[in-house]
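S.K.:
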Ligand SMILES: [Zn+2]
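Residue numbers (the numbering used here): 743 to 1101.
(1) Taking 6 Å as the cut-off, does the CB of residue 747 come closer than this to any heavy atom belonging to ligand 1?
(2) Output yes or no for whether 7 Å exceeds the beta carbon distance between residue 1085 and residue 1030.
(3) Determine the contact status of residue 1073 and residue 942, defining contact as a CB-CB distance below 7 Å.
(4) Measuring from the CB of residue 889, is there a heavy atom of ligand 1 at a distance below 6 Å?
(5) Pairing CB atoms from the stretch 1044 to 1052 with CB atoms from the stretch 1000 to 1018, are three or more of them under 8 Å?
(6) Examine ligand 1 and report whether any of its heavy atoms sits within less than 6 Å of the Cβ of residue 751.
(7) Under 6 Å from any heavy atom of ligand 1, does the C-beta of residue 738 make it?
(8) What residue range is occupied by the uninterrupted alpha helix (DSSP H) comprising residue 1089?
(9) I'd like to check one pair, residue 837 with residue 908: are the Cβ atoms closer than 7 Å?
(10) Tell me which same chain residues have a C-beta within less than 8 Å of the C-beta of residue 1013, skipping the five on either side of it?
(11) What runs of the alpha helix (DSSP H), each 4 residues or longer, lie entirely inside the stretch 890 to 958?
(12) By a C-beta neighbour count over all protein chains shown, 10 Å radius and 16 as the cutoff for buried, is residue 1064 buried or exposed?
(13) I'd like to confirm something about residue 886: is its beta-carbon nearer than 6 Å to some heavy atom of ligand 1, or not?
(14) Are the stretch 838 to 852 and the stretch 872 to 891 in contact at 8 Å, needing three or more beta carbon pairs?
(15) Rounded to whole angstroms, what is the Cα-Cα separation between residue 818 and residue 839?
(16) Considering only their Cβ atoms, is the gap separating residue 990 from residue 1023 smaller than 7 Å?
(17) Starting from residue 1064, follow the alpha helix (DSSP H) in both directions and report where the run begins and ends.
(18) What number of angstroms, rounded off, separates the C-alpha of residue 905 from the C-alpha of residue 916?
(19) Please work out which residues of its chain come closer than 7 Å, Cβ to Cβ, to residue 1001, disregarding the five sequence neighbours upstream and downstream, and give them in chain order.
(20) Distance check for residue 1036 and residue 796, CA to CA, integer angstroms please.
(21) Look at residue 829 and residue 865 and say whether their C-beta atoms are less than 7 Å apart.
(22) With a threshold of 6 Å on Cβ separation, who are the neighbours of residue 927 within its own chain once the five nearest residues in sequence on each side are excluded?
(23) Output needed for residue 746: all residues of its chain with C-beta closer than 8 Å, excluding positions within five of it in sequence on either side, in chain order.
(24) Looking at the strands, I want to know which residues DSSP matches up with residue 960.
(25) Going along the chain, which residues of its own chain have a beta-carbon closer than 7 Å to the beta-carbon of residue 1092, five neighbours each way excluded?
Laid out in structure tokens, this is it:
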């Protein structure tokens, strides 16, 4: 391949995956490498090394772990779809989605389609992030379908991809194409996991079993003793509904910081309900847990959950990090990372929708 180009939504390339051979020696080398890299990353979290500074003295392991990743579960990475601009002048929607196709090198995606009669096959070639091709007048934006489904949920709150205004989305993404024509100019975060982000069949059971069996997640919430202190922060004057509303706009880290900085917020956060809502606000990507919650009447979750502890546990378990090896969690960690990319696109998309509505 001359060069790779990357999914606009997850930032992972459409080719060039390498899975390690499952020999004892290579697995041992991988274990040592991950341990060393993990220690180095932890030690340098406040003072990141220059790129590859730590890797120069060793042969780095850049392949995927064969115990976690197989060709069957990375095949999704090779299936490319794209969002482009139609040549047809009289169509209602100017943007179109094509695929599945495959990456055909030099930044192009090829999509084979059958004619309506089914007798002939057509091959369209689209130029990604570039300047257009014979088959589309502008550049196309490439992505994986599951990444587009996650984007749909972030932008519309629904799972129906037909709810996305593709004209607006095309404008947003096209404006964000990076200088090298390989991805969007957004922060993708490190792609530690190649696991499919939405096909996570064991996650719901994993959460349910953990919550049921881990007694630490079900100890009663701690009562706060004021010991003569009196809350003075402005949050103490706000109705609870207003506080919940404010918190719904904050990331989990900021909510935790706020409950530590403000005694009023600290008091509010002693209620189990506060953390139950925080999981809902801060983890919209954790659909398996929300499905379990929705099915509570079927006793899918115990009644005595300590939601603060559960929030912290879920936050830690699903955080994308180097060396993750729990197959129940790598997919959702990938989804969580992708969701953060989608959240960068959402304000531009919503602004685009407003502008269309005002025309
Ligand atoms: Zn993707």
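The C-beta atom is built at its ideal place from N, Cα and C for all residues, glycine as well.
M.R.: So, from the listed chains and residues:
(1) Because no heavy atom of ligand 1 lies under 6 Å away, the Cβ of residue 747 does not count as near it: no.
(2) Cβ distance not < 7 Å, so residue 1085 and residue 1030 don't count as in contact.
(3) Yes; because the gap between Cβ atoms is below 7 Å, this pair is in contact.
(4) It does: the Cβ of residue 889 is within 6 Å (strictly closer) of some heavy atom of ligand 1.
(5) With a cut-off of 8 Å, the stretch 1000 to 1018 and the stretch 1044 to 1052 count as touching, because enough Cβ pairs lie within range.
(6) Here the distance from the Cβ of residue 751 to the nearest heavy atom of ligand 1 is below 6 Å.
(7) For the chain, the structure presents residues 743 to 1101; residue 738 sits outside this window and is missing.
(8) 1072 to 1100 is the extent of the alpha helix (DSSP H) around residue 1089.
(9) Yes, the pair counts as a contact, with Cβ atoms nearer than the cut-off.
(10) Non-local beta-carbon contacts of residue 1013 in its own chain, meaning distances under 8 Å to residues more than five positions away in sequence, involve 963 in chain order.
(11) Listed in chain order, they are 908 to 917 and 945 to 955.
(12) With fewer than 16 other Cβ atoms within 10 Å, it is exposed.
(13) For residue 886, the CB falls within less than 6 Å of some heavy atom of ligand 1.
(14) Yes, the stretch 838 to 852 touches the stretch 872 to 891.
(15) Near 17 Å, if we compare the C-alpha coordinates of residue 839 and residue 818.
(16) For residue 1023 and residue 990, yes; Cβs fall inside 7 Å.
(17) Neither: residue 1064 is in no alpha helix (DSSP H) and is coded neither H nor E.
(18) Straight-line Cα distance between these residues: approximately 20 Å.
(19) Closer than 7 Å at Cβ, skipping near neighbours: 1007, 1008 and 1011.
(20) In this predicted model, residue 796 has a pLDDT of only 48, less than 50, meaning its place in the structure is not dependable; the value taken from the coordinates is given anyway. For residue 796 and residue 1036, the gap between their C-alpha atoms comes out near 47 Å.
(21) Not a contact, by the Cβ cut-off of 7 Å.
(22) Result list for residue 927: 918 and 920, in chain order.
(23) Scanning its chain for C-beta atoms nearer than 8 Å, with the 5 sequence neighbours on each side dropped, one finds around residue 746 the residues 755, 756, 757, 758, 845 and 924, in chain order.
(24) According to DSSP, which records beta bridges pairwise, residue 960 is partnered with nothing at all.
(25) Within the same chain, residue 1092 has no close Cβ partners at all.
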